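In my numbering, each residue carries its 1-based index in the sequence shown increased by 37.
Even glycine gets a Cβ: it sits at the ideal position worked out from N, Cα and C.
Note that the structure is a prediction, hence the values are computed from the model and not measured.
Worksheet: the structure to be examined is printed underneath.
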Amino acid sequence: MALCRVLRTRERMRCGPCSSLLPAYFCFFCPTGNDPMMLFGTISQRLCGLKKLPWSCDSRHFWGWLNAVFNKVDHERIRDVGPDRAASEWLLRCGAMVRYQGQERWQKDYNHLPTGPLDKYKIQAIDATDSCIMNIGFDHMEGLRHVEKIRLCKCHYIEDACLERLSQLENLQKSVLEMEIISCGNVTDKGVAALHRLRNLKYLLLSDLPGIREKENLVQVFKTTLPSLELKLDLK
Numbered sequence: 038m039a040l041c042r043v044l045r046t047r048e049r050m051r052c053g054p055c056s057s058l059l060p061a062y063f064c065f066f067c068p069t070g071n072d073p074m075m076l077f078g079t080i081s082q083r084l085c086g087l088k089k090l091p092w093s094c095d096s097r098h099f100w101g102w103l104n105a106v107f108n109k110v111d112h113e114r115i116r117d118v119g120p121d122r123a124a125s126e127w128l129l130r131c132g133a134m135v136r137y138q139g140q141e142r143w144q145k146d147y148n149h150l151p152t153g154p155l156d157k158y159k160i161q162a163i164d165a166t167d168s169c170i171m172n173i174g175f176d177h178m179e180g181l182r183h184v185e186k187i188r189l190c191k192c193h194y195i196e197d198a199c200l201e202r203l204s205q206l207e208n209l210q211k212s213v214l215e216m217e218i219i220s221c222g223n224v225t226d227k228g229v230a231a232l233h234r235l236r237n238l239k240y241l242l243l244s245d246l247p248g249i250r251e252k253e254n255l256v257q258v259f260k261t262t263l264p265s266l267e268l269k270l271d272l273k
């Protein structure tokens with residue numbers, strides 16, 4: 038059966054390795070392990086390769102749907118494992134990386150996230166380069182208290198609503214010190230201006246953002262609201 042036909046099916050079947058009911062096409066990607074919580078991580082890694090294959094049908098809606106699945110907030114999961122672990126799973130599932138307090142190594146592999154006490158690993162930095170994080174997933178950040186640096190680079194789903202939501206989270210208003218927003222084509226002046234709510238922000242890099250039209254006005258906004266901010270612009 039052609040892959041596009043498999044992806045279109047709505048039939049559900051039981052997958053042997055994870056013993057769960059899944060759309061039939063997921064069994065093409067299913068890991069051989071027994072932990073169902075590793076399923077999305079493995080699927081996302083294998084799908085990255087498939088995006089490079091020639092498709093015989095329009096796959097735009099499928100990828101949009103799948104990215105929405107990866108971003109969906111599971112509040113029960115947050116309660117079970119804590120906000121930092123749940124946010125780590127979300128970010129890595131979407132292709133981003135995280136770094137924890139007291140560590141130099143970036144966590145890249147969903148299936149190799151550290152285990153241990155739920156309060157041991159606190160996210161200090163997020164690198165979302167080339168990831169599919171989107172607005173519906175940003176509620177994962179609500180319980181994060183230690184994030185100091187966020188890098189958004191080539192994130193096709195990042196838009197003004199994402200930056201507005203991020204800047205509304207009280208914990209991030211206190212903790213975030215550095216941000217970089219690079220080559221995110223859907224970001225405009227409105228979204229960037231919302232970052233003035235991050236009252237402890239010390240460094241902000243804005244680069245290759247064609248949606249920004251009035252950079253002089255942005256400079257004035259940040260000079261007024263965050264006078265100690267180092268604002269670096271690389272905009273046309």
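Practice task
Consult DSSP for S212 and reduce its assignment to one of helix, strand or coil.
Solution key: Numbered from its first residue, the sequence shown carries residue 212 at position 175. It is helical.
Problem - Distance between D117 and L243 (C-alpha atoms, nearest Å) - result: Taking the first residue of the sequence shown as position 1, residue 243 is located at position 206. Taking the first residue of the sequence shown as position 1, residue 117 is located at position 80. Their Cα atoms are separated by approximately 37 Å.
Exercise for the section: Could you have a look at R188 and say whether DSSP puts it in helix, strand or coil? Expected result: The residue you call residue 188 lines up with position 151 of the sequence shown. Residue state, collapsed to three classes: strand.
Handout entry: Straight-line gap, G228 to T262 (C-alpha atoms, nearest Å)
Key = The count along the sequence shown starts at 1 and reaches residue 228 at position 191. The count along the sequence shown starts at 1 and reaches residue 262 at position 225. Between G228 and T262, the C-alpha separation is close to 15 Å.
Practice task
Locate the alpha helix (DSSP H) running through D117, then write down its first and last residues.
Solution key: Residue numbering aside, residue 117 sits at position 80 when the sequence shown is read from its first letter. Segment 112–118, the alpha helix (DSSP H) holding D117.
Practice task
Please state whether DSSP places R136 in a helix, a strand or coil.
Solution key: Residue numbering aside, residue 136 sits at position 99 when the sequence shown is read from its first letter. Looking at R136 - three-state DSSP - the assignment turns out to be strand.
Practice task
Find the nearest neighbour of V106 within the set I173, Q140, R236, judged by alpha-carbon distance.
Solution key: As a working mapping, residue 106 is identified with position 69 in the sequence shown. Ranking the options by Cα distance to V106, first place goes to I173.
Handout entry: Nearest neighbour of N208, chosen from P120, N108, I249, N254 [CA to CA]
Key = Numbered from 1 along the sequence shown, position 171 holds the residue referred to as residue 208. Checking every option, the nearest Cα to that of N208 belongs to P120.
Exercise for the section: Grab the span of the alpha helix (DSSP H) containing A198 for me, first residue to last. Expected result: Numbered from its first residue, the sequence shown carries residue 198 at position 161. Here the alpha helix (DSSP H) through A198 covers 197–205.
Problem - Cβ contact (3+ pairs, closer than 8 Å) linking the region 203–220 and the region 149–157 - result: no
Problem - Any 3 or more C-beta pairs closer than 8 Å across the region 158–167 and the region 175–194 - result: yes
Exercise for the section: Within 10 angstroms of the Cβ of P68, are there 16 or more other Cβ atoms? Answer buried if so, exposed if not. Expected result: Start at 1 with the first residue of the sequence shown, and residue 68 comes out as number 31. Summary for P68: the model assigns pLDDT 43, below 50, so the residue's position carries little reliability; its value from the coordinates is reported in the next sentence. Classification for P68: buried.
Practice task
Determine which residues share a DSSP beta bridge with K273 and list them.
Solution key: Within the sequence shown, numbered from 1, the residue matching residue 273 stands at position 236. DSSP lists no partner for K273.
Practice task
Measure the C-alpha to C-alpha separation of A162 and E179 and round it to an integer number of angstroms.
Solution key: Here residue 162 refers to the residue found at position 125 of the sequence shown. Here residue 179 refers to the residue found at position 142 of the sequence shown. In a straight line, the C-alpha of A162 is about 15 Å away from that of E179.
Problem - CB of V110 within 8 Å of CB of S125, strictly - result: Here residue 110 is taken as the residue at index 73 of the sequence shown, counted from 1. Here residue 125 is taken as the residue at index 88 of the sequence shown, counted from 1. Taking 8 Å as the Cβ cut-off, V110 and S125 do not qualify as a contacting pair.
Practice task
Have a look at the DSSP bridge pairing and note the partners of Y240.
Solution key: Mapped onto the sequence shown, residue 240 falls at position 203. In DSSP, Y240 forms a bridge with E215, E267.
Problem - Near the ligand NAD: I219 beta-carbon under 7 Å from a heavy atom - result: Absent from the structure shown: the ligand NAD. Ligands present: none.
Handout entry: Span of the beta strand (DSSP E), counted from its first residue to its last, around A162
Key = As a first step, residue 162 is located in the sequence shown; it is residue number 125 there, counting from the start. Its beta strand (DSSP E) spans residues 160–164.
Exercise for the section: Starting from F259, follow the alpha helix (DSSP H) in both directions and report where the run begins and ends. Expected result: Taking the sequence shown and counting its residues from 1, the one referred to as residue 259 is at position 222. It spans 252–262 - the alpha helix (DSSP H) in which F259 sits, taken as one unbroken run.
Practice task
State the beta-bridge partners of N223 as determined by DSSP.
Solution key: Here residue 223 corresponds to residue number 186 of the sequence shown, with the count starting at 1. Beta-bridge pairing links N223 to E196.
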